[in-house]
Structure formats: structure tokens, C-alpha cells
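Here is the structure we will look at.
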Amino acid sequence: MIHARGLARTFDTKRGREKVAVKAVAGVDIDVEEGEIVGFLGPNGAGKTTTLRMLTTLLKPTTGTATVAGYDLARDPINVRKSIGYVSQSGSTASEARAGEEIVDHGLLYGITAEQATRRGKELFEQLDLDGMWTRQPKTMSGGQRRRLDIAMGLVHDPKLVFLDEPTTGLDPQARANLWTHISDLRTKRGSTVFLTTHYLDEADALCDRILVIDHGSIVASDTPDALKRQVAGDLIELVLHDQAHVGVAAEQLSRLAGAEAEVRDRVVSVRVPSAGSELPPLLRALDAAGVELAAIEVRRPTLDDVFLTMTGRSLRESA
Amino acid sequence: MSFASQTWIIFRRQMRLALRNPAWVIIGLAQPVLYLCLFGPLLEPLAKQIGTDNAYTFFVPGLLVQLALFGALFAGFGLISEWREGVIEAERVTPASRTALLLGRVLRDVSLLTVQGIVLIALGFAFGLRGSIAGMLLGLVLTVLLGGACSASSNALALTTKSEDALAPILNSISLPVLLLSGILLPISVATGAPQWLATVSDFMPIKYIVSGIRATFTGEFWTTTVLWGVVWTLVLFVAGLWVGTRTFRKDNA
């Protein structure tokens, strides 16, 4: 569905008097197969939106080639536009307009008839829980409703491939969870291929078959969420000790039993083990025998945040 | 789908939005109407001095040009708020021609301007405007073409700057000198007492020839050099405005 090779974009900006070329995207290869939901993950400024704007014909690549939905990006942008839906971060409807009119006009620009656009639009409103909103003004809608209206705008011409740019940014938790259902429905109910950008790890984890991690304009990892998490060696066991004096003994026991170097931070001793469930009981017995008193135990399964940290050396949340 | 129907879709949507909230259309017309009511009477006793028999035949053409300039030049502000709401981006990702996106908006401004111009001329009659009806129609056409040029370049400028904070000072610094140097309020001519240097400076202002041209058509002139220069400058600005506009809208990353 998407095959990009060496896609790059350089922006010329001025730093003082000097002209500087800033590499927003430094040559990425992307392959997305039909029916996949692929997440494009990275901190703000990593090059996500720039890549998306290139793939949706809104921005010409400086170098590189791509076929999107079967058409060459450079030679046949019109057919690319006809085959894709794009839901941007900034919205798509005027506050003062009426939701239904915006949908129909948008459909007309794609070359479908007013009748088709109305029928499609009403179907989409029903599927996206926007019943009764046809004559409402977008300014009177909630954030979640308006985002779903944007999705309806992007789907009115029945595209095979849908691009979503940070679809849940700025939504409250309920609205986010609700939108996730609708995004998975895009594939299950309509058979669309979905390419979405996000800087939320839980979102990528919950929705995507495959994740591309981008940092500083280059793709640093591409795999399923589970495989990515497996790259981080196992579960993290954190022990909080009662007494600072026991830290040495605890660290030694932990390192010996887990076969890995334990980390010490104040009264917290931590270690990564392949499977915390089977290794914790003997560990606790050994610590008890050594007279180490514990204040708390925490076991964490690896998250994509850990993956990101391992891969780029920094946390996604700090940098976002 | 043809270019014309794409333009029509954009135009119809823009008109619907403009008419749903006609405050701006009315505010746009209020300015020249205020000039007509509150400044026009002051010109009546000066008619002879500024070289005319009828102060309103002189003044209404100036106000038409002012309407075209101020109404259409500020159209760009609407585009910035559309851009902020993502409407422009959403339209650019459809297969519609980018020129149609601009032209639909220019047509909206041109249509509103036509109605405003007719209202202004009709009001002028109430104050005592008299002259050639055919000439007034030609004057209105020139006004509307000038408005189209202003609308296209204002939309282009808005799409380039994407910020009200940048657009407002640029437009203000353009519109005031244009207003003062094109003889909209009073004639700038040595014959009617203007200093030579000011008349010379104003000779470099294309809008001045358009104002003079429209004034001439209002008195029933058609085949004179004054009218000809007015028509030529109107067409030059119209083509230039549309060229800049289309170029900006077709640029990638705009």
C-alpha cells in the first residue's frame, strides 16, 4: 500500500543571517501492506508530520521516491489523492459551517455526486456515533465529536488507505478510548489500511500491528509492539528496602540469582529478569534468609517507553 | 470533474459561510457609506474648486475604489482562520485544482463587492449623483476587477504569512499610502492646487489612474485616454494579482 525509498525533506531556514538547511526527514524507507494498521511513533519534531505530509502529496520530497496506494507520488499525485484519506492534526471543518454541508462539499471535491456524498456521510455519522449532528455547527461539538467529524471528512470518498495524524491528541481519556475503537473498526469493518502517527506509546501498543519508531528524521526500529518489547531484556523487578544498610546484601543476592547486574538507587535495588513470575519466589526466600527487610516490591513488564529509551537513549515522555 | 465545477463548489461554500454571518459584508459597506454621508456634504461647496459640477459624480467613484481596496485586501484574514482550522489543508489533499481553491474565494469577494458597489451607487443617487448609467456600469466592472486583484493577492499573502500579526501591518502599510496617493478623497492635480511634488509622487500610483478612469466613465466618457489608462491599469493589476495568487496556491508546502 505504501512503499517509500529514501524519502527525505530538507527545509531551508535562516539562523541569524546564515542560511541553514535543516534535515527534517533524513531518508526513510517505509513499507505498509494492505490491511495493516501501522503506527508511526516518535517525539515531537522527530519528522512524523513531515513524512506524513510527503506521503499525502502536501509536501514534495527533496529526494527519494514512493508509491502510495499503487500510484507514484511524484508522477501521479492526483490519483494518490483520490485513493487516500487524510485526517490532519489541525482539523478540517469551519466552526461556523454545518457538519453535513462540510461533508458533502468535501465529497464533491473528490468528484462524487452530492447524493452519494450525503448517503456516505450519513452512514459515517452513524458509524462514528455522530447521529443527529448533521446540521450542527462544528463549534458547538465536543473535542471528541469534532475529531470524529474530521475522520468522517477523511472517509467520505471511501479511501483504501487512511492517514491519521495524532488522532487522539488533546482528547480526554474516555474520548480517546472511544476513538481507538473507531480506528480499529476502520480495518475490521471497512478493510482500510491505516497509517497513524502518535507520540502515545499506549496508543501505538493498543492499535497497531506494526510500529515504526522515528527519531531525528530516521527510522530507528520497525517491528510488532511485542517483538519490540522483547528487545528490552525482560521484566523489571524493583525492591524498595526498609534499611539503607541492607542495600549491599540485597544487590549481591539479586545479581547472583538473576544472573544480571543489579542497579542501586538510594534504597531501591532493581534488576531485569527474563520472567519475573518464576524468579521472584526464590529471590524473596533468599532475601528473607539473609535478613533483608522489604518495604515494597514492584514488577514492571517492559513498555514501549523502555523500548524507546533503549533505542534512542532518551525517554519519549521527556522529549515529547 | 472540471475546473469550473470545482471552483463553483468552493465558491458556493464560501458564499454560504459569508451570508450566514453577514456582519462582515455590512461592516465592509459601512465604511464607504459613512464617507458618503459624513464627508460627501463637505465636498459639495468645493465642487467648482476640485474641477467638477457634481461633487458626488466625483466622490462616488473614489469610494468604489476604496471599497474594492479595503474590502478585498482584508479578505486574507478569513483565509488565515480557515488555514488554522485545517480547512485549507483538507481541501489541498483532495484532487481539486489548487487554482480552483483560490478562484472560488476570489469569486466570493468579487460577488460581495458587486452587491456592495450597487448599493453604494444607489445611495449616491439619493445624495445627488447624476451621470451616464452605462459609464457607471463600466466603472463598476473596473472596480470589481480591481477587487479581484486585491482579493487574490491578499489570499496569497495570507497563505504565505499564515499569521494575522504579520498580515495586518503589511496590509495597513500598503493601504494607507494607496488611499492617500490615488486621489480617492480629493483630486491630486496641479490644476486644482496640489503641490507639484505630491502630484509627481502620485503619478507613480497605478490606482490613481483607475480612480480617474472610473470618474471619467461616470461622466459618460468612454473613448478617452483617461478611461483607457484606467482600463489598462485595472487589467494589469488583475492579471498580476491572479498570477501571484495562483503561483502561491500551487506552490508545495503553501
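Residue numbers (my numbering), protein chains in the order written: chain D, 1 to 320; chain P, 1 to 254.
Built from N, CA and C at the ideal position, the CB exists for glycine as well.
Sequence-distant residues of the same chain with beta carbon closer than 7 Å to residue i, five excluded per side
i, result
"Thr-198/D", "Gly-39, Leu-41, Glu-166, Ala-204"
"His-216/D", "Ala-46"
"Ser-88/D", "Asp-165"
"Asp-12/D", "Lys-19, Ala-21"
"Arg-187/D", "Gly-35, Ile-37, Val-194"
"Val-323/D", "There is no way to answer for residue 323/D, as the model of chain D reaches only from 1 to 320."
"Glu-261/D", "Ser-255"
"Ala-194/P", "Ile-188"
Sequence-distant residues of its chain with Cβ nearer than 8 Å to residue i (five each side left out)
i, result
"Gly-143/D", "Gly-170, Leu-171, Asp-172, Ala-175"
"Gly-183/P", "Gly-62, Ser-189, Ser-202, Lys-208, Val-211, Ser-212"
"Leu-257/D", "Glu-279, Pro-282, Leu-283, Ala-286"
"Asp-165/P", "none"
Euclidean distance between Cα positions of residue i and residue j
i, j, result
"Met-54/D", "Thr-93/D", "22 Å"
"Arg-5/D", "Met-311/D", "22 Å"
"Ala-295/D", "Leu-241/D", "5 Å"
"Glu-322/D", "Arg-267/D", "The question about residue 322/D has no answer here: the residues shown for chain D are numbered 1 through 320."
"Pro-225/D", "Val-28/D", "20 Å"
"Trp-83/P", "Pro-187/P", "40 Å"
"Leu-235/P", "Leu-145/P", "7 Å"
"Ala-206/D", "Ser-184/D", "9 Å"
"Leu-7/D", "Gly-100/D", "37 Å"
"Phe-39/P", "Pro-32/P", "10 Å"
"Lys-14/D", "Val-25/D", "18 Å"
"Leu-73/P", "Trp-233/P", "17 Å"
"Lys-48/D", "Leu-212/D", "10 Å"
"Arg-17/D", "Leu-239/D", "55 Å"
"Ser-218/D", "Ile-30/D", "11 Å"
"Val-269/D", "Ala-251/D", "6 Å"
"Ile-9/P", "Gly-85/D", "19 Å"
Interface flag, residue i vs chain P, CB-CB below 9 Å
i, result
"Ser-142/D", "no"
"Asn-79/D", "yes"
"Leu-196/D", "no"
"Gly-217/D", "no"
"Lys-82/D", "yes"
"Leu-108/D", "yes"
"Leu-130/D", "no"
"Thr-193/D", "no"
"Leu-58/D", "yes"
"Glu-101/D", "yes"
Cross-chain neighbours of residue i in chain P, by beta carbon under 8 Å
i, result
"Met-153/D", "Ala-90"
6 Å Cβ shell around residue i - same chain, five flanking residues per side excluded
i, result
"Ser-319/D", "Because the pLDDT of Ser-319/D is 45, which lies under 50, any placement of that residue in the model is unreliable, and the number read from its coordinates should be weighed accordingly. If we look at Ser-319/D and ignore the five residues flanking it on each side, its Cβ neighbours are Pro-43."
"Thr-99/P", "Thr-246"
"Ser-132/P", "Gly-220"
Beta carbon proximity, residue i to chain D, threshold 9 Å
i, result
"Asn-21/P", "yes"
"Ile-10/P", "yes"
"Arg-16/P", "yes"
"Val-93/P", "yes"
"Gln-6/P", "yes"
Contact set between residue i and chain D, taken where Cβ atoms lie within less than 8 Å
i, result
"Val-239/P", "Ordered by position in chain D, no residue passes the 8 Å Cβ test against Val-239/P, which lies about 27 Å from the chain."
"Glu-82/P", "Ala-94"
Per-residue contacts from residue i into chain D (C-beta, under 9 Å)
i, result
"Gly-86/P", "Ser-88, Gln-89, Ser-90, Gly-91, Ser-92, Thr-93, Asp-150"
Whole-Å CB distance - residue i paired with residue j, under 8 Å assumed
i, j, result
"Asp-235/D", "Arg-272/D", "7 Å"
"Leu-113/P", "Thr-246/P", "In fact, because the Cβ distance is near 20 Å, the residues do not count as touching under 8 Å."
"Ser-153/P", "Gly-241/P", "5 Å"
"Thr-57/D", "Arg-75/D", "So it is not a contact: roughly 11 Å between Cβ atoms."
Proximal chain D residues relative to residue i, where beta-carbon distance stays under 7 Å
i, result
"Met-136/P", "The contacting residues do not exist; Met-136/P stays about 35 Å from chain D at best."
"Ala-96/P", "Leu-109"
"Met-1/P", "Gly-111"
Listed by chain order, chain A residues near residue i by CB distance under 7 Å
i, result
"Arg-13/P", "You won't find chain A in this structure, because its protein chains are D and P."
Beta-carbon neighbours of residue i, restricted to chain P and to distances below 9 Å
i, result
"Leu-164/D", "Within 9 Å Cβ-Cβ: nothing; Leu-164/D doesn't reach chain P, min ~13 Å."
Amino acids of chain P, ordered along the chain, whose beta-carbon sits closer than 7 Å to that of residue i
i, result
"Ala-97/D", "Leu-17"
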